[in-house]
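Colleague: Take this structure first; my questions come after.
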Amino acid sequence: MPKRGKNYNKAAELIDGATLYSLDRTVELLKETNPVKFDASVDICIVTGLDTRHADQQLRGAIGLPHGTGKETRLAVFATGEKEIEAREAGADIVGGEDLLKEIKEGRMDFDLVLATPDMMKFVGQLGRILGPRGMMPNPKTGTVSPNIGAAVQEYKAGKVNFRADSGGLILSKVGRVSFEQNALKENIQAFVTYVMKNRPTGVKGQYIKKIVLSSTMGPGIRLDPKDVAQTVVA
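Just so you know, we're using the working numbering here: the sequence shown kicks off at 7 and counts up by one.
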């Protein structure tokens, strides 16, 4: 176990690791247990029973959080012609075609997410080894490949987030910042968890949602009661 600082240890004393907290109390604790002086991100980890080696147990998606993440998302967009103009006008940070492909191959990575129009995927496909491991490969399922590129840019700039269950069945995402008002954080968390619950893969066996843990950057984990988040959804 890594050695923890005194601020972390003091914050951890406020949390009972065996308790499933209500959404209201979870948000209160996120603010009370933030051990750093900066405006920390709020992260969610959902432990599922998915075995993603099977095609019918894979899960990936995208959701527009009601109040965004509190972080500016820097977008790189593959588009040309009128679609390039559309992307720039919508707020894309980097736009290009084969020129952008070359720059990324040479090491350019000053962006958080990649979007593309369908016709550009013949070029973007060459970047699978670079973008894939970083979770940045455009995919129609998440709306990062879209003929309506201007609308896609606007959605991601407004706080839309992508997620996927990893090889261990974990789903990780940012759902806001500690400085958010309590209701804003609650609504973001509820929207994210409800989306995951409602999109249960058909092949999952046994318990789908095993654990939900929230934490601030460098803060202790807080176990959230799934039933309190989305009571109308069967976990």
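Virtual Cβ for every residue (Gly too), placed ideally from N, Cα, C.
Quick check on THR238: does DSSP put it in helix, strand or coil?
Modeller: Confidence is the limiting factor: at THR238 the pLDDT is only 43, short of 50, which leaves the residue's position unreliable, though a coordinate-based value still follows. In this structure, THR238 counts as coil in the three-state DSSP scheme.
Colleague: So, at 7 angstroms on beta carbons, what are the nonlocal neighbours of VAL210 in its own chain, with the 5 sequence-adjacent residues on each side left out?
Modeller: GLY55, LEU56 and GLN63
Colleague: Only counting the same chain, and skipping five residues up and downstream in sequence, which positions put a Cβ closer than 7 angstroms to that of ASP271?
Modeller: The structure shown does not extend to residue 271, since the chain spans only 7 to 241, so no value can be given for it.
Colleague: Buried or exposed: which applies to PRO146, given that a residue is buried once 16 or more other Cβ atoms fall within 10 Å of its Cβ?
Modeller: exposed
Colleague: Less than 8 angstroms between the CB atoms is what I'm expecting for GLY165 and ALA158, so what's the real figure, rounded?
Modeller: Contact flag wrong, Cβ pair sits at about 13 angstroms.
Colleague: Could you check the C-alpha separation between ALA82 and CYS51 for me, to the nearest Å?
Modeller: 27 angstroms
Colleague: So, for GLY134: in the same chain, excluding its five sequence neighbours on each side, which residues have a beta-carbon less than 8 angstroms away from its beta-carbon?
Modeller: MET143
Colleague: So the beta strand (DSSP E) THR32 belongs to, where does it begin and stop?
Modeller: Counting along the chain, THR32 falls outside any beta strand (DSSP E), though it belongs to the alpha helix (DSSP H) covering 29-38.
Colleague: What does DSSP give as the partner residue(s) for SER179 in the beta ladder?
Modeller: ILE50
Colleague: Relative to the C-alpha of ASP116, which candidate in GLU104, ARG59 and ALA98 has its C-alpha closest?
Modeller: Nearest of GLU104, ARG59 and ALA98 to ASP116, Cα basis: ALA98.
Colleague: Kindly give me the distance between the Cβ atoms of LEU29 and ASP234, rounded to whole angstroms, as I take these residues to be in contact under 8 angstroms.
Modeller: 5 angstroms
Colleague: By the 10 Å Cβ neighbour count, where 16 or more other Cβ atoms means buried, how is HIS73 classified, buried or exposed?
Modeller: Counting Cβ neighbours within 10 Å, HIS73 comes out buried, since at least 16 surround it.
Colleague: Considering only their Cβ atoms, is the gap separating ARG170 from ASP118 smaller than 8 angstroms?
Modeller: no
Colleague: Enumerate in chain order the residues of its own chain whose CB-to-CB distance from TYR14 is below 6 angstroms, with the five nearest sequence positions on each side excluded.
Modeller: For TYR14, where only same-chain residues beyond five positions count, the Cβ hits under 6 angstroms are PRO41.
Colleague: Using 10 angstroms around the beta-carbon of PRO232, count the other beta-carbons present and answer buried if the total reaches 16, otherwise exposed.
Modeller: buried
Colleague: Can you tell me where the alpha helix (DSSP H) holding ARG94 begins and where it ends?
Modeller: Looking at the DSSP string, the run of the alpha helix (DSSP H) that includes ARG94 is 88-96.
Colleague: Can you name the start and end residues of the alpha helix (DSSP H) that ILE218 belongs to?
Modeller: That residue, ILE218, is in no alpha helix (DSSP H); its beta strand (DSSP E) goes 215-222.
Colleague: Nearest CA to the CA of GLY156: which residue from MET224, LYS43, LYS12 and GLU95?
Modeller: GLU95
Colleague: Among residues of its own chain, excluding the 5 on either side of GLY76, which ones have a beta-carbon nearer than 6 angstroms to its beta-carbon?
Modeller: The beta carbon of GLY76 sits closer than 6 angstroms to the beta carbons of GLY182 and ARG183 from its chain, once the five residues preceding and following it are set aside; these are given in chain order.
Colleague: As an exercise, report each continuous beta strand (DSSP E) stretch of at least 3 residues that is fully enclosed by the stretch 102-182, in chain order.
Modeller: Listed in chain order, the complete beta strand (DSSP E) runs (minimum 3 residues) inside the stretch 102-182 are 119-122 and 166-170.
Colleague: Considering only the alpha carbon of each residue, which of ASP125, THR200, THR39 and GLU34 lies closest to GLU19?
Modeller: THR39
Colleague: Taking the alpha-carbon of ASN205 as reference, which of LEU191, PRO226, ILE177 and ALA190 has the nearest alpha-carbon?
Modeller: ILE177
Colleague: State yes or no: is the C-beta of PHE129 within less than 8 angstroms of the C-beta of GLU104?
Modeller: yes
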